[in-house]
Every structure is written in structure tokens, then in C-alpha cells.
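Asker: What follows is a structure written as C-alpha cells; I'll ask about it next.
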Amino acid sequence: MAEMLVSDLKVIVFQLNDKEYAVPVEQVKSIEKIMHITRVPHTYSFVKGVMNLRGVVTPLIDLRVRFGLEEQAYSESTRVIIVSVEDKEVGLIVDGANDVIDIPSSMIEPPPVIVGITAEGFINGVANLDKRLLIVIDLVNILETDEINAL
Amino acid sequence: MELNQYLEVFIEESKEHLQACNEQLLELEKNPDDLMIINEIFRSAHTLKGMSATMGYEDLASLTHQMENVLDAIRNSRLKTTPEILDVIFMAVDHLEDMVQSIAAGGDGKKNVTETVEKLKLIEKGELVVTSAKPEVAATTAVDTPILSNYDEFELTVLKQSKEQGFGVYEIAIALREDCLLKAARVYMVFEVLEKIGEVIKSSPSVDQLEEEQFDQEFSVTIVSKENPEDIKGMIMKVSEVVKTEVKSLEFSELSNVTELEVHSINDNSEVQSDDPSLISSAPADRPQVEEKKNNGKQNNSNKTIRVNIERLDILMNLFEELVIDRGRLEQISKDLENTELTETVERMSRISGDLQNIILNMRMVQVETVFNRFPRMVRQLARDLNKKINLEIVGAETELDRTVIDEIGDPLVHLLRNSVDHGIESPEERRTKGKYEEGTVVLRAFHSGNHVFIEIEDDGAGISKEKVLKKAISKGIITEQAAAGFTDKQAYELILSSGFSTAEKISDISGRGVGLDVVKNTIESLGGTISIDSKENKGTIFSIQLPLTLSIISVMLVEIQKEKFAIPLSSIIETAIIKDSEIMNAHNQKVIDFRGKVVPLVFLKDIFEVPSELVEDHFHSVIIVRKGDKMAGLIVDSFIGQQEVVLKSLGNYLTNVFAISGATILGDGQAALIVDCNALIK
Numbered sequence: 409m410a411e412m413l414v415s416d417l418k419v420i421v422f423q424l425n426d427k428e429y430a431v432p433v434e435q436v437k438s439i440e441k442i443m444h445i446t447r448v449p450h451t452y453s454f455v456k457g458v459m460n461l462r463g464v465v466t467p468l469i470d471l472r473v474r475f476g477l478e479e480q481a482y483s484e485s486t487r488v489i490i491v492s493v494e495d496k497e498v499g500l501i502v503d504g505a506n507d508v509i510d511i512p513s514s515m516i517e518p519p520p521v522i523v524g525i526t527a528e529g530f531i532n533g534v535a536n537l538d539k540r541l542l543i544v545i546d547l548v549n550i551l552e553t554d555e556i557n558a559l
Numbered sequence: 032m033e034l035n036q037y038l039e040v041f042i043e044e045s046k047e048h049l050q051a052c053n054e055q056l057l058e059l060e061k062n063p064d065d066l067m068i069i070n071e072i073f074r075s076a077h078t079l080k081g082m083s084a085t086m087g088y089e090d091l092a093s094l095t096h097q098m099e100n101v102l103d104a105i106r107n108s109r110l111k112t113t114p115e116i117l118d119v120i121f122m123a124v125d126h127l128e129d130m131v132q133s134i135a136a137g138g139d140g141k142k143n144v145t146e147t148v149e150k151l152k153l154i155e156k157g158e159l160v161v162t163s164a165k166p167e168v169a170a171t172t173a174v175d176t177p178i179l180s181n182y183d184e185f186e187l188t189v190l191k192q193s194k195e196q197g198f199g200v201y202e203i204a205i206a207l208r209e210d211c212l213l214k215a216a217r218v219y220m221v222f223e224v225l226e227k228i229g230e231v232i233k234s235s236p237s238v239d240q241l242e243e244e245q246f247d248q249e250f251s252v253t254i255v256s257k258e259n260p261e262d263i264k265g266m267i268m269k270v271s272e273v274v275k276t277e278v279k280s281l282e283f284s285e286l287s288n289v290t291e292l293e294v295h296s297i298n299d300n301s302e303v304q305s306d307d308p309s310l311i312s313s314a315p316a317d318r319p320q321v322e323e324k325k326n327n328g329k330q331n332n333s334n335k336t337i338r339v340n341i342e343r344l345d346i347l348m349n350l351f352e353e354l355v356i357d358r359g360r361l362e363q364i365s366k367d368l369e370n371t372e373l374t375e376t377v378e379r380m381s382r383i384s385g386d387l388q389n390i391i392l393n394m395r396m397v398q399v400e401t402v403f404n405r406f407p408r409m410v411r412q413l414a415r416d417l418n419k420k421i422n423l424e425i426v427g428a429e430t431e432l433d434r435t436v437i438d439e440i441g442d443p444l445v446h447l448l449r450n451s452v453d454h455g456i457e458s459p460e461e462r463r464t465k466g467k468y469e470e471g472t473v474v475l476r477a478f479h480s481g482n483h484v485f486i487e488i489e490d491d492g493a494g495i496s497k498e499k500v501l502k503k504a505i506s507k508g509i510i511t512e513q514a515a516a517g518f519t520d521k522q523a524y525e526l527i528l529s530s531g532f533s534t535a536e537k538i539s540d541i542s543g544r545g546v547g548l549d550v551v552k553n554t555i556e557s558l559g560g561t562i563s564i565d566s567k568e569n570k571g572t573i574f575s576i577q578l579p580l581t582l583s584i585i586s587v588m589l590v591e592i593q594k595e596k597f598a599i600p601l602s603s604i605i606e607t608a609i610i611k612d613s614e615i616m617n618a619h620n621q622k623v624i625d626f627r628g629k630v631v632p633l634v635f636l637k638d639i640f641e642v643p644s645e646l647v648e649d650h651f652h653s654v655i656i657v658r659k660g661d662k663m664a665g666l667i668v669d670s671f672i673g674q675q676e677v678v679l680k681s682l683g684n685y686l687t688n689v690f691a692i693s694g695a696t697i698l699g700d701g702q703a704a705l706i707v708d709c710n711a712l713i714k
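Keeping their order, the protein sequence lines are chains A and B. Here the numbering used here is used: the first residue of the first sequence is 409, the next is one more, and so on. Here the numbering used here is used: the first residue of the second sequence is 32, the next is one more, and so on.
Here you go:
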């Protein structure tokens, strides 16, 4: 049983700019359609605002902006992945999310060095599954705001 | 372990007992001869000891035990209560509190308390010289004086006589094997052996307890016998499953040190109960009796309450908040549909949920006493450290406040009290020369008024010197000299709340470490409260804190700025108005209006919140006049939506410290709206 847990990583797959990313299932609380966003002034550019998630005011991060990709208008397929890391709960706005798969941990390789500089710190590893390249994101770093505050 | 389920109860009750100890000790200081009080403390300490021993917190138990011994000595008039003794007991209680804290935080409750234990032991030894008034002197001479305390008189006589008749007095520590199944049987066998060779004078735990197996692996027995120690040991070791036997020959002078620990714990149980009636009847005044009655009353009350985990109350509150949101939505729908039946039902539901809201809010109300009760201790300690004489009066401790406020208010109050004690109250000499009583008075007062709770800290000390404050503020660059000239007394006093200000010339570690009263001010404002100061030189100072009753459900004015909705707390709004373009004037690049004869600066929320412009500007502006203390500002918005009760929610742990936003709420249509923090907008 314990071996199973170690060897397999269950992830939610989502898309950004036609690339596929993965986030471990245990960090995900739910996947939502985009709802009314209330803008919050004076915060980071990638924080789009807050949303009423069944009575909980949840901050939303536009992952495109966070990763330094160009912004895009939200569409029908736009999804919000509600993640919870440590004591923080935020929603990640992504182009689409529709898959849950198991990645054998042996398939996950450390991030290649040549990946774009902005995104580098946000990546935990890369998994190659039948020519499908999945980028496993590092939520802790994505939610970390200390370095930005320091700037 | 199955003990875990009791841990919570243990922690709660320990805290209560420690608090009781603290309170009673303070009482005791005022009436050092009141045996009733000592009994109260003793009972608390005793229960605490029992509980912690059961829970396996040995350090806690042993320290309590030592403290108990000293209390016992006081109770039996072998020791006189002196401030020095109380200091040590207070210290012990402090340690105990730390331990309980550590246990509550998931720790093991271990702490190095040998120093305190030593001190307590020293004090206790001081008891030996009954006639000496000063126990600390007695402590040095104690060793060679015969003890009278550890065994009751009867036992002592027996021991003495046995000694005189050539018997040896031995204390025997016996340990059974850990896997011993029939402990009582082994004990019986040991006793049988002992009774053959001598007479058992005492055992710890008591024989009854031993027979009921109420002990771990070890117990000790005191016997008189003519056998020599080695033989006794050998005989006991023959009993199977006994792993260790230590036989000590006791001289009377040693008795206190070696055996008191065990012996006392037996005495305590029986003594507490048996002593009580006699104490009440022999008590000097009728005061103790009154107190006894009070206690009875308390007990009756406590039967009618239940303990509820605060988390559960929070969950209840959260669920109710959801309901309030839906209630808002329903009200909206029924208004739109104009169906009489629906409207009636919704109205009825609103009324009921309104009542429910009151009840839930009341349930979360906590008496400020829970915060206040640690202050007498603190003030006492401060006063002693500073060599001042201070009397702390607490008024209105039963005033209730929301738990969220209670949790936050402690630190600011500590700060203010320290400030009053350190800077406010003068030294006894100074007070004498000023013609005041040597003892300074600090009054801590709490009361309700309207939708607010006021907490005041009043001292009859030196007061605030306006000149000094102004001079200091100018030198620190907080204000300019020109501005200073126009300051009223109140304005000047409030300067001491600004950051980077500390008037005390001497930096002491009581207060004035640079982190000044501005922290207090910030905390109170973040709670939606205000603080003001009034002072008369050489007469004293009053710090007055105004706090909202509750933080979770507030009344707001909903406004629209372009297409965004914001909520402004009603508590800071004075009034609303509509002004024309022509009424806006310019003063130093600052747009102002003349509002009822006052010049009020305008704040364009659209600019502050960087709201994207989508609608054309009007020539009329909706303005909300808000205040913070004496200052006012006019917030320009696009339109008013109306007044509403909303549930205050935080933006979560990810977004903290957003400028001028104190939180968010959820409106009837399901959208989130931000709540404006007016205090941040007025500088």
C-alpha cells in the first residue's frame, strides 16, 4: 500500500497556452467555473481579485500572468482550480482543466535547466507520458509572496 | 492513549485552577491571616496536583506538590505569610502556567523548575522555627531543629518514643516489577513481612490506596523495628516481584527532607475536608462565611452551564453567516416578485433569523474578566519591580465582548496598564511631596454604552505634560513647531500614540522600548475601535478605548464606484450628502468641501482604488462623510445603494494587508464586495 503511494502521483492536468501542467490531487480542493470576480485594488498584478466560493471569499491568481504568459480573455472553458497549501486557499485561473491521471514517480524528471527563467521556480518536475509532456507545478513557490514583497 | 480525550478538559481545568490560585494569592496578600483563602488555594493546588499526576505530567505534579507543602505550612500556622513567600509562590504558579501552556501547545509540559522547587523547600524548612517571624532567616538554622510537621503529632510521638526505646526508624522505598499483575497482593506480602519485624507507622500512598492498587510501581513505608536495615532489606527482597528495596534509617532532623513529599500527599486528602468546618467556625470575622456562601452560589450556577468547544461555536457562527447571506438574497427575490405570501414568509424568517443572530452572537460573548483577571498579578509584579505602591481597581469585569475582540484586546491593555504603572504613577516619595497618598490607584473599567463597549484605564498619577509632549514631538519630527502652537490639549495627548514617540526619559524594560503606544492604537483601530486620552497634570490620565460589540456581523452602507460595489462600515459614517462640482474647493492640492462650517478633505475612492473608468462622470457627487476620532473626510463615490447587514469575512491568508480594505462580504446576489477601512484613508 505504502509503495503504491510512493510510486504513483495522482495529478490534475490543466492547460495554459496549449501546454499541459499538472498539480497533485491532494492539493486541489475543487475545480470551478469562472464566476463573478471582485477586483481587489493595490495587490499583485496576477491577483485578479476575490470570488465567492460557497460563502468563502477566495483570492484568484491568474496563472498566465503569474507565469509571465500573455493574458487572455476568459472563455467557457476557463476553469478555476481551488488549491490549498499550508494555511492558504486560493483559486488558480487556467485555460482548462479536464483530466486526472496517475504519473509513476519514476517518470518525473527534475525540471530542465533551459526552461524560461520566470517559470523556473514554479516547476517541480517534468513528466513524459507517451509523448505527452506534463509540467508538475510547485504550488508553494507560486503562492509565495515574500520575494515579491521584497522587490 | 485513552488519556488524550481528557487532555482538553485537563488543560481547561488546570487553567481555571491556576487562575483561582492567582486570584486567591492576591487576596491573601491583602489578608495574610485569612485561613479561608489559604484553604481555597490549597484546594486548587491539590486538585491540580492530582490531575497532573493522573495525566502523567510529573514535573507539574511535583512542583504543585512542593507548593502545596508550603501552603500547608501556612495553613497550619507554622509559617507566616510574607511578601517574599508569596513572591516564590507566585513564581511557582507562573511556572505551572508555563507548563500548562506547553501542554496545551502539544508539548510535554516539562520545565526545569529545580530553582523554584529549592526555594519552596527552603521556605518550607523555614517553618521549623515556629517562633521566628522571618522565615528566610530561619531557613539557615532549620536543619538541626527537630521537625514537627511531616508526621502528625501522634505519629511523631510514636516515632520518638520508639527511638528512645532503642528501635530504629526506617523509611523503606519498595519498587515492584513493572509487569507485576497482582500489586495489591505483593503489597500485602510486604506488609506481612514488615509487621513481623516491627510496626508500620506510615505508608505512602496510604494502605487503602495501596490495597486498591492506586500507585505505580513504587511505594514507601515507614516502620520502627529492632532489626538492622540490611536484614529488613533482605526480607523484603524475598517477596517475589519486588525489584528494588531501599532502607534508610531516619534521624528526626532528616525526616522533613526525606519523607515529607510522600507523607504530605496522604495527609492532604483527609485534612482538607476535616479542617474545613473548624476553620470556618474559628475564623476571625464573618467574612469567610460570606465567601463560603458566594462559592456555593457559584457552584450552583456552574451546574447550569456546559462547556462547548469554541471551534464548534465558530462553526455555528460560520453556518449562520451563510444563512444571513441567503437571507439577504431571499429578501431581494421576494421584493422583486411582489408575492404577498412569499413576502410574509420571508419577513417572518428574517425576524426569526434576527433573533437567532442575537442568540448566537450572545453565545460568543465572553466576559472581559477573562482578560482582566491576569492584570492584578501583573500590576502587583510591576509595582514591586518599580518599588511603587499601586492599587488596581477593576470595575465592570462582567461586561461582555465578542470573543474575537477579547482575543485581540489583551495585548493593548497590557501595554496601556504597563504604561500607566510605569509612567503614570509616581514613586511613593514623589507622591508624598505632591501631597498625594503614597499608594497610587489604577482603575480598569469596562462598561456598555449603545453598540459599543468602553474600556478605560485611569490612573491618579503624574498626568501628561502638554509642553513636554509637544517638545518631544517637534524634536522627533512628528509635527512642526507652527503646527504645535495650534494644538489643543487632546490633540497633544494623542501625539503619544503616534509611532516613533516615547516620552519616558528613561527607558525601562516595563514600557518604552520604542514599540510604543502606536501599536496599541493600531490594534484597536484594526478592531474597529477608537482610543482617546484625557489627562490633567498631576491629577492623572484616562485612556478610553471604544470597541464594537461584535466584529462578525456589521452594518454597512453599500456604494457603487463605476461598476464595482464597496461596503463602508456604518460605524464610521457621520452622514451622506450630494455635492455639486462648484462646491469643491482647492486647498494645497487637496480638494476640500465646506461641510457644516468645517473644511473636510475629499477622498476620491475611484482614484484610491484604481477603479477602471467606464461611465461618464456626473456634475453631482455623492459623498460620504466619515470620521476617525476628531478627523473627518469625505469619500466620493458614484452612487449609494443602501444600508445592509453583512457578514465580515477576511480575504484569507493569502491576501493580507491590502491597503484600505479591511475584508470582504458576500452580497445578496452572490458577489463578493470589499469592505473599506476608513481608518486607513484618514491620515
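Using N, Cα and C, we set each Cβ at its ideal position, and we do this for glycine too.
Less than 9 Å separating the beta-carbons of I490(A) and V502(A)?
Answerer: It is not a contact, given that the beta carbons lie outside the stated cut-off.
Asker: If you count every other CB in all the chains shown that lies within 10 Å of the CB of P467(A), and 16 or more means buried, which is it?
Answerer: buried
Asker: In three-state terms, what does DSSP make of Y1(B)?
Answerer: Residue 1(B) lies beyond the range of chain B shown here (32 to 714); nothing can be said about it.
Asker: At the 9 Å Cβ level, is P467(A) part of the contact set with chain B, yes or no?
Answerer: yes
Asker: Would you report the Cα separation of S296(B) and K233(B), rounded to the nearest angstrom?
Answerer: Residue confidence for S296(B) is low, a pLDDT of 40 falling below 50, so the modelled location carries little weight; the figure read from the coordinates is stated next. Cα to Cα, S296(B) sits roughly 12 Å from K233(B).
Asker: Nearest-angstrom Cα distance between L424(A) and D495(A)?
Answerer: 26 Å
Asker: Between which two residues does the beta strand (DSSP E) carrying K264(B) extend?
Answerer: Judged by DSSP secondary structure, K264(B) falls outside any beta strand (DSSP E) and instead within the alpha helix (DSSP H) spanning P260 to M268.
Asker: Nearest chain B C-beta to G463(A) closer than 9 Å, yes or no?
Answerer: For G463(A), the answer is yes, since a Cβ of chain B falls inside 9 Å of its Cβ.
Asker: Based on Cα-Cα distance, which residue from V707(B), I263(B) and A92(B) lies nearest to E223(B)?
Answerer: I263(B)
Asker: To the nearest angstrom, how far is the alpha carbon of E230(B) from that of L66(B)?
Answerer: 36 Å
Asker: With a threshold of 8 Å, are at least 3 pairs of Cβ atoms found where one atom belongs to the region 513 to 522 of chain B and the other to the region 483 to 490 of chain B?
Answerer: no
Asker: Going by DSSP, which residues form a beta bridge with R463(B)?
Answerer: DSSP lists no partner for R463(B).
Asker: Determine which residues share a DSSP beta bridge with R540(A) and list them.
Answerer: L537(A)
Asker: Report yes or no: do the region 480 to 490 of chain A and the region 428 to 442 of chain A share at least 3 C-beta pairs separated by less than 8 Å?
Answerer: yes
Asker: Which residue marks the beginning of the alpha helix (DSSP H) containing V355(B), and which one marks its end?
Answerer: I341 to L368
Asker: Determine which residues share a DSSP beta bridge with R658(B) and list them.
Answerer: M663(B)
Asker: For the region 395 to 410 of chain B against the region 418 to 434 of chain B, are there 3 or more C-beta pairs whose distance is under 8 Å?
Answerer: yes
Asker: Give, in chain order, every residue of the region 478 to 509 of chain A whose Cβ lies closer than 7 Å to some Cβ of chain B.
Answerer: D495, K496, E497 and V498
Asker: Contact check, Y201(B) vs S256(B) under 8 Å by CB: the rounded distance?
Answerer: 6 Å
Asker: Excluding the 5 residues preceding and the 5 following E478(A) in the sequence, name in chain order all residues of the same chain whose CB lies nearer than 8 Å to its CB.
Answerer: R472
Asker: Could you give the residue range of the beta strand (DSSP E) that holds Q423(A)?
Answerer: Start and end: D416 to L424.
Asker: What residue range is occupied by the uninterrupted alpha helix (DSSP H) comprising T696(B)?
Answerer: Per DSSP, T696(B) belongs to no alpha helix (DSSP H); it is in the beta strand (DSSP E), I692 to I697.
Asker: What's the C-alpha gap between V452(B) and E460(B)?
Answerer: Rounded to whole angstroms, V452(B) to E460(B) spans 15 Å at the Cα level.
Asker: Measuring CA to CA, which of N688(B), A84(B), K567(B) and N259(B) is closest to K141(B)?
Answerer: A84(B)
Asker: Taking only beta-carbon positions, decide if R474(A) is within less than 9 Å of chain B.
Answerer: no
Asker: Give the range of the beta strand (DSSP E) segment to which N688(B) is assigned.
Answerer: Run containing N688(B): none; DSSP gives neither H nor E here.
Asker: Could you give the uninterrupted runs of the beta strand (DSSP E) lying entirely in the region 576 to 637 of chain B, keeping only those of 3 residues or more?
Answerer: 584 to 592, 595 to 600, 604 to 611, 616 to 618, 621 to 626 and 629 to 635
Asker: Taking the beta carbon of L212(B) as the centre, do at least 16 other beta carbons fall within 10 Å, making it buried, or is it exposed?
Answerer: exposed
Asker: Please compile the residues from chain D whose C-beta is within a distance smaller than 7 Å of the C-beta of L537(A).
Answerer: Among the protein chains in the structure shown, which are A and B, there is no chain D.
Asker: Taking Cβ positions only, does R447(A) come closer than 9 Å to chain B?
Answerer: yes
Asker: Shorter than 9 Å from the beta carbon of F41(B) to some beta carbon of chain A?
Answerer: no
Asker: Using alpha carbons as the reference points, say which of V419(A), G504(A), K456(A) and D426(A) lies closest to V436(A).
Answerer: Per the C-alpha coordinates, the member of V419(A), G504(A), K456(A) and D426(A) positioned closest to V436(A) is V419(A).
Asker: Between the Cα of E258(B) and the Cα atoms of E249(B), V252(B), K227(B) and D239(B), which residue gives the shortest distance?
Answerer: K227(B)
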